[in-house]
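Novice:
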Amino acid sequence: MIAIDIKSKMYPAKGRAGHHLAIAELQLLLQSGEFVCLVGPSGCGKTTLLNIIADLDRDYEGSVNFKQHQTHPKIGYVFQNPRLLPWRTVRENIELAIEDNSSSENIDALLEVMQLTQFQHVYPERLSLGMSRRVAIIRGFATNPDMLLMDEPFVSLDAPTARQVRSLLITLWQQRPHTVLFVTHDLREAIALADRIVFLAAAPMKVIADMAVPIPRSERDDEQAIETFRQQLLHDYPALK
Amino acid sequence: MIAIDIKSKMYPAKGRAGHHLAIAELQLLLQSGEFVCLVGPSGCGKTTLLNIIADLDRDYEGSVNFKQHQTHPKIGYVFQNPRLLPWRTVRENIELAIEDNSSSENIDALLEVMQLTQFQHVYPERLSLGMSRRVAIIRGFATNPDMLLMDEPFVSLDAPTARQVRSLLITLWQQRPHTVLFVTHDLREAIALADRIVFLAAAPMKVIADMAVPIPRSERDDEQAIETFRQQLLHDYPALK
Amino acid sequence: SDKTTIRIGVQATGTLAWELSVLQGQTKDIDFKVETHPVATTEAGKIALQSGAVDIIVSDWIWVSRMRSDGADFTFYPYSTTSGALMVQRNSAIHAVKDLKGKRLGIAGGELDKNWLLLQALAQEEQLDLNASVEKVFGAPPLINEQLKQGRVDAALNYWHFGAKLEAQGYRQLIDGKGILKGLGIQENIPTLGYVFKQSWADSHKKVLDSFFQSSKKAKQLLCASEPDWQKVIPLTQADDVTTQAKLRQRYCEGNVMQSGIPEQQVAERIYTLLRTVSNNQLTGKSEHLQPGTFWSQD
Amino acid sequence: MLISLRTAVPGLSLLVLLAVWQLLAVYLNSNNLPAPLVVGNVFWQGCLSGQIPYHLGVTLLRLIVSFSIAMLLGCAIGIVLGRNKKLDAFFDNWLIIFLSIPALVTIILCYVWFGLTESAAILAVVINKLPNVIVTIREGARALDQDLLEMARSYRFGKRKTLLHVVWPQLYPYIMGATRSGLALVWKIILVVELLGRSNGMGYQLHLFFQLFDVASILAYTIAFVAVIQMLELLVLKPLDTKAQRWRR
Amino acid sequence: MLISLRTAVPGLSLLVLLAVWQLLAVYLNSNNLPAPLVVGNVFWQGCLSGQIPYHLGVTLLRLIVSFSIAMLLGCAIGIVLGRNKKLDAFFDNWLIIFLSIPALVTIILCYVWFGLTESAAILAVVINKLPNVIVTIREGARALDQDLLEMARSYRFGKRKTLLHVVWPQLYPYIMGATRSGLALVWKIILVVELLGRSNGMGYQLHLFFQLFDVASILAYTIAFVAVIQMLELLVLKPLDTKAQRWRR
Ligand SMILES: Nc1ncnc2c1ncn2[C@@H]1O[C@H](COP(=O)(O)OP(=O)(O)OP(=O)(O)O)[C@@H](O)[C@H]1O
Ligand SMILES: Nc1ncnc2c1ncn2[C@@H]1O[C@H](COP(=O)(O)OP(=O)(O)OP(=O)(O)O)[C@@H](O)[C@H]1O
Ligand SMILES: [Mg+2]
Ligand SMILES: [Mg+2]
């Protein structure tokens with residue numbers, strides 16, 4: 001179980017920009033093995049929250065508690081931008097993130113699914129942005145993390161690839177249920193994947209709705225059940241339209 | 001009218017990566033004032049094509065002809081990544097792209113729609129990625145271009161903002177119809193916006209379908225007509241699923 | 001005034017500055033004007049002469065001969081016979097050149113230093129290969145003095161005013177350049193330093209140059225004989241203590257070129273040959289003989 | 001409290017340096033390392049007599065002129081070579097050669113050809129410093145962000161705008177590096193240049209003191225120069241840094 | 001064809017330089033600038049007699065040792081200061097001071113304290129070069145990409161991996177700049193160091209020739225050194241560059 005309790009997260013004033021209160025009084029409880037989607041307007045503080053959970057940002061009031069884990073759990077973070085090392089090849093980028101180099105078959109399999117096998121020895125500058133994103137996703141998966149943070153990971157994927165990657169994500173999750181925090185703007189995707197969706201509002205970030213999804217997990221985001229639930233959501237929360 | 005005729009676009013071999021034939025024998029005719037969406041798998045060469053049209057890449061066989069324009073037309077290019085100058089504020093970034101500094105009211109209006117007015121004097125490092133993307137979109141619009149190249153511009157926008165931006169795009173286009181080439185992976189968005197959708201396949205890039213959209217332009221992507229047309233498309237071209 | 005101007009490159013720490021200050025004190029007697037151009041090092045003086053910034057500098061005749069053999073038209077007029085000295089601690093066990101064997105010897109100016117070359121020649125006469133049997137430490141003159149003071153070298157071969165300073169502090173002079181030459185069987189007073197100028201310039205300024213030499217000789221004599229004139233020069237010695245000042249003056253005056261100055265050609269030639277063999281051509285250059293015209297003569 | 005600490009640290013570090021110096025001086029107790037107070041006294045005397053201000057001023061003037069010329073030319077050439085592979089292939093050799101020609105040679109040749117003039121001295125410094133600037137800036141120009149350059153091209157920034165708003169800020173850290181280490185280099189060269197062919201300036205004076213082995217005076221003059229550079233750092237470079245780095249998170 | 005052109009250009013540029021030199025020599029017709037052939041001859045004689053290889057070897061040894069020490073220490077300190085604001089605030093002053101202490105002063109003090117020994121000479125070079133390296137690398141460390149550092153932290157790269165795979169490649173252009181301009185600087189300092197207190201090496205020899213105003217020999221020795229640096233550039237730095245820049249589009 002992960003207990004997030006952020007009293008306040010402030011970006012300090014700098015230059016002409018005043019200080020900015022990004023998050024205030026945010027409480028969130030994640031069960032281990034839960035798949036939670038975060039949906040909220042651009043700039044509301046989703047990335048900020050993920051950074052805090054990933055322990056990249058310690059400059060906040062409050063606490064993030066990982067029960068069950070003595071230490072900070074192993075985290076696979078798929079950042080909003082790919083953040084590949086441009087001077088390392090695709091494969092090297094993935095391997096560097098893995099602590100034991102034993103899982104080379106695992107990497108092969110992931111590269112295969114992501115259709116990047118023939119690009120594994122290529123430097124990131126020679127990839128398209130969507131391909132770089134896919135490498136970043138592989139890197140997140142390959143580390144076999146206790147917790148997966150994904151910040152709009154599928155935005156650059158075409159529909160068939162997106163479906164395949166979603167299916168992969170579901171398979172991985174089924175093999176070893178780990179907590180997933182998944183940021184997306186796509187309500188259909190959120191409904192298809194999540195156990196629970198947390199809707200956020202901005203300035204400062206707060207939770208406006210937190211609801212379980214009563215629909216079985218699916219790699220397809222255009223099934224009728226999903227559409228129905230989405231319509232209902234939009235009806236309940238017109239702000240999401 | 002813009003006549004694109006690319007015999008071949010090859011990325012030269014480098015390091016361990018062999019040379020890569022990105023585009024071969026691609027003919028495309030764009031009417032001036034036409035709104036064309038490009039839909040194709042990640043890595044198929046969409047960005048490459050836009051770069052060629054924008055005259056950023058001259059290392060290809062073939063030609064891009066702008067009829068009606070003696071010189072190369074003024075292009076507003078919304079890149080796939082924001083490409084803001086980190087050492088210039090939001091507003092400066094926009095103003096730098098404009099040749100005449102007269103359109104400050106125009107910028108104000110655009111900032112307003114994009115909900116960035118209060119961030120106009122902030123440096124890009126202090127923005128969220130979605131906000132940076134919005135700045136890049138404003139920059140593309142503000143130049144009042146003859147042609148607008150947009151490479152997955154709306155991926156980081158939440159649904160309400162995306163709707164607003166689409167509506168803005170449509171308004172702008174109605175005020176002054178300019179050719180738009182719009183890359184997206186979202187079929188619904190393509191149907192909602194485009195006069196014509198070009199479907200592409202990869203390695204090397206080729207056109208697999210090129211069809212007019214018989215549905216009036218709309219800022220909303222979840223209307224019934226769109227969904228129906230989409231289902232029909234998916235039925236005709238199962239590869240898009 | 002329509003007096004001819006002579007531009008002279010003067011080292012701030014050199015004795016030429018003393019002389020010129022006395023000389024310039026007697027404006028009424030002279031029919032030329034001296035314009036001094038301070039230079040920091042001997043090399044800076046050579047650059048100044050070559051670039052035409054000055055007409056006269058002080059240097060040595062071996063160099064003049066070498067430059068002449070390369071086509072330069074420099075020539076030399078004697079200025080001083082003072083030469084460097086080999087200094088040891090007062091109570092050092094070194095009393096003769098042969099005692100240097102196995103000792104550490106500090107040498108100012110590098111392996112082409114004339115005193116060092118001549119010292120080697122002298123040792124050779126005593127069947128001692130100094131070059132092989134002492135531990136040489138080359139370095140800048142002030143550093144060599146410092147090394148001797150710190151006991152890091154057993155003896156120091158340094159330029160004369162560095163030697164004089166050591167002497168004033170109680171160090172012992174083992175032998176000086178003149179002594180080395182004597183040991184080599186050369187009794188004549190050979191100038192070590194002299195005015196160096198372009199022959200072409202000298203030819204067109206014969207009269208002025210002559211009168212400059214006269215005045216400079218007179219200034220030298222005044223410096224050594226007249227107390228008030230010496231007092232005026234004392235600040236230029238850059239030495240605070242009277243002992244050092246006196247030592248500097250003594251050495252300076254000993255070096256006065258008393259005779260007409262021009263060394264006998266064959267003596268100079270002998271030294272030239274000596275230096276040429278010991279330095280293995282390096283100091284003198286290719287030319288086997290002292291270049292004719294190295295020593296300037298008025299006629 | 002925080003601000004006062006921030007201003008206190010540099011002062012503190014100076015004090016520590018002085019203490020180390022004093023301790024060393026006491027420990028060695030030789031006139032090869034005079035104590036700070038002795039040097040301070042010499043420094044003060046030199047200032048009163050006008051000697052230090054005069055020679056420092058002369059040297060500074062030379063430094064400013066030659067440094068500015070070298071930086072301007074060096075940036076221009078460095079950018080051109082960094083962006084143009086063909087020119088770079090041609091001039092790379094020259095650069096290496098001029099980098100490794102001893103200062104002595106260029107200084108002598110400059111003086112002998114152009115006379116013992118002020119401009120020859122400055123030329124000599126520029127020739128010695130220029131290749132270093134070029135080499136540093138060239139590395140910077142090679143590492144420029146391609147994405148931003150493309151952006152500038154597609155939005156028709158033109159040469160001037162691109163240089164000012166896209167290239168310059170990226171070169172900034174390289175230029176700062178070249179400035180700081182370059183000031184030190186120019187200073188080193190200028191000393192030799194003055195030694196060999198000027199009748200004033202710090203180099204001329206320092207050599208004089210070296211001949212006399214007057215370490216106290218050498219250190220006094222050093223202090224004068226260090227003080228000037230510190231001022232430059234505090235009044236020009238630091239504020240520039242702060243301004244130029246504002247945008248970083 | 002393309003490849004042959006690429007190898008031809010550097011040769012061509014050398015030829016042009018030689019031609020310029022020859023023309024200048026003929027035009028000036030003074031022994032202050034001997035013609036290339038004269039210098040070549042002196043160079044050849046020096047090589048045959050073993051003089052040039054000997055002195056060059058000695059100097060190179062000093063250069064390699066002092067350069068390596070300065071680069072290693074400089075990179076380490078530079079990175080630390082660039083990443084740690086507090087330490088930087090404290091040592092910034094010291095850095096500026098050591099940057100602006102004249103080479104002469106440090107060299108003299110080293111020699112006076114530690115005697116005219118090899119280690120004193122090397123120490124003197126290191127002290128002169130170190131602040132320059134630190135200052136350049138510090139700028140690089142300040143400009144590190146925050147995104148990549150965060151990535152490394154969240155994937156638990158640890159100190160070693162982060163340094164090797166994240167920090168080092170970003171510092172590479174700065175290090176190359178510091179290496180190229182640093183070699184030149186060390187070479188300049190080593191000449192002074194050898195001149196003041198060594199009994200062999202290029203500086204010692206150049207000083208001898210300088211005393212004799214033997215420009216031909218000075219240039220011959222310069223050529224020897226330039227040749228070594230060119231070799232280094234061709235055999236080490238260029239291939240390193242190519243390898244390190246492979247990833248750029
Ligand atoms: N600089 C480059 N050097 C070599 N190959 C490149 C380079 N840029 C792109 N490519 C290759 O060209 C192909 C097309 O790339 P492009 O960026 O045009 O794809 P895209 O259609 O925009 O993909 P995405 O939707 O992921 O952005 C890819 O396979 C990529 O590997
Ligand atoms: N380094 C920073 N300094 C100052 N303010 C920042 C910084 N990073 C983010 N912010 C501000 O904090 C708020 C939240 O940013 P964050 O990146 O978390 O948004 P987000 O929810 O991830 O948005 P998006 O969907 O666009 O990525 C924004 O208003 C942004 O301006
Ligand atoms: Mg975000
Ligand atoms: Mg793309």
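Protein chains in written order, with our numbering: chain A, 1 to 241; chain B, 1 to 241; chain C, 1 to 299; chain D, 1 to 249; chain E, 1 to 249.
The beta-carbon is built from N, C-alpha and C at its ideal position, and this holds for glycine as well.
(1) Nearest-angstrom Cα distance between G177/C and A202/C?
(2) Mapping DSSP to helix, strand and coil, what is A54/A?
(3) Taking the alpha carbon of N84/E as the point to measure from, which residue in A70/E, R138/E, L148/E and Q45/E has its own alpha carbon closest?
(4) Look at the alpha carbon of M202/D and the alpha carbon of E194/D, and state the distance between them as a whole number of angstroms.
(5) Is any non-hydrogen atom of ligand 5 found closer than 8 Å to the C-beta of L87/E, if you look at the structure I gave you?
(6) Check whether the Cβ atoms of I107/C and G139/C sit closer than 9 Å, and answer yes or no.
(7) Considering K220/C, what are the terminal residues of the alpha helix (DSSP H) in which it resides?
(8) Can you look up R7/C in the DSSP assignment and give me helix, strand or coil?
(9) Start and end of the beta strand (DSSP E) containing R172/C?
(10) Should H55/E be labelled buried (16 or more other beta-carbon atoms within 10 Å of its own) or exposed?
(11) Excluding sequence positions up to five away, which residues of its chain have a Cβ less than 6 Å from the Cβ of L2/E?
(12) Using 9 Å as the threshold, is the C-beta distance between Q150/C and V112/E below it?
(13) Looking only at C-alpha atoms, which of Y11/B, P216/B, E189/B and Y123/B sits nearest to A244/D?
(14) I'd like to confirm something about V180/A: is its beta-carbon nearer than 8 Å to some heavy atom of ligand 3, or not?
(15) Between the stretch 139 to 153 of chain B and chain D, which residues of the former have a C-beta closer than 7 Å to a C-beta of the latter?
(16) Looking at ligand 3, does it come within less than 8 Å of Q230/D, judged from the CB to the closest heavy atom?
(17) Where in the stretch 122 to 197 of chain C do unbroken runs of the beta strand (DSSP E), each at least 3 residues long, occur, reported from the N-terminal end onward?
(18) Could you give the DSSP three-state label for C110/E: helix, strand or coil?
(19) What is the DSSP secondary structure of F79/A, reduced to helix, strand or coil?
(20) For G78/E and L171/E, what's the separation of their Cα atoms in angstroms?
(21) Within its chain, find whatever has a CB closer than 8 Å to the CB of V134/C; leave out the 5 residues flanking it on each side and keep chain order.
(22) Have a look at Q173/C and N145/C and give me their C-alpha separation to the nearest angstrom.
(23) Quick one, which residues of the stretch 160 to 194 of chain A are near chain B if we go by CB-CB under 9 Å, in chain order?
(24) Can you name the residues that DSSP bridges to T36/C?
(25) Could you work out which residue in L181/A, F199/A and D108/A is closest to P238/A when comparing CA atoms only?
(26) Can you give the Cα-Cα distance for Q211/E and V278/C, rounded to whole angstroms?
(27) Please state if the CB of I57/C and the CB of V300/C are separated by a distance shorter than 9 Å.
(28) Return yes when the Cβ of G45/A is within less than 9 Å of the Cβ of D158/B, no when it is not.
(29) Between A224/D and the rest of its own chain, which residues show a CB-CB distance below 7 Å, the 5 nearest in sequence each way excluded?
(30) For A123/C versus V97/C, is the C-beta spacing smaller than 9 Å?
(31) Can you find a CB in chain C that lies within less than 9 Å of the CB of S49/D?
(32) If you measure beta-carbon to beta-carbon, which residues of the stretch 53 to 67 of chain C are closer than 8 Å to chain E?
(33) Could you tell me the boundaries of the beta strand (DSSP E) in which Q174/B lies?
(34) Rounding to the nearest angstrom, what Cα-Cα distance links A109/B and L183/D in this structure?
(35) With a threshold of 8 Å (Cβ to nearest heavy atom), would S128/B be considered close to ligand 3?
(36) Assuming S181/D and N132/E make a contact with CB atoms under 8 Å, what is their CB distance in whole Å?
Specialist: Let me spell this out:
(1) 30 Å
(2) coil
(3) R138/E
(4) 8 Å
(5) Summarising the ligand content, the structure contains ligand 1, ligand 2, ligand 3 and ligand 4 and does not contain ligand 5.
(6) yes
(7) K206 to A225
(8) strand
(9) R172 to D176
(10) buried
(11) Residue placement at L2/E cannot be trusted, given a pLDDT of 49 that sits under 50; what the coordinates show is reported in the next sentence. Nothing meets the Cβ criterion.
(12) yes
(13) Y123/B
(14) no
(15) T143
(16) no
(17) 135 to 139, 155 to 158 and 172 to 176
(18) helix
(19) coil
(20) 10 Å
(21) L100, K101, G102, K103, R104 and L105
(22) 13 Å
(23) P160, T161, A162, R163, H185, D186 and L187
(24) I8/C
(25) F199/A
(26) 18 Å
(27) A query on residue 300/C cannot be resolved here, the shown segment of chain C reaching from 1 to 299 and no further.
(28) no
(29) F43, I52 and L56
(30) yes
(31) no
(32) W63, R66 and M67
(33) Segment A159 to Q175 is the alpha helix (DSSP H) holding Q174/B; no beta strand (DSSP E) there.
(34) 48 Å
(35) yes
(36) 4 Å
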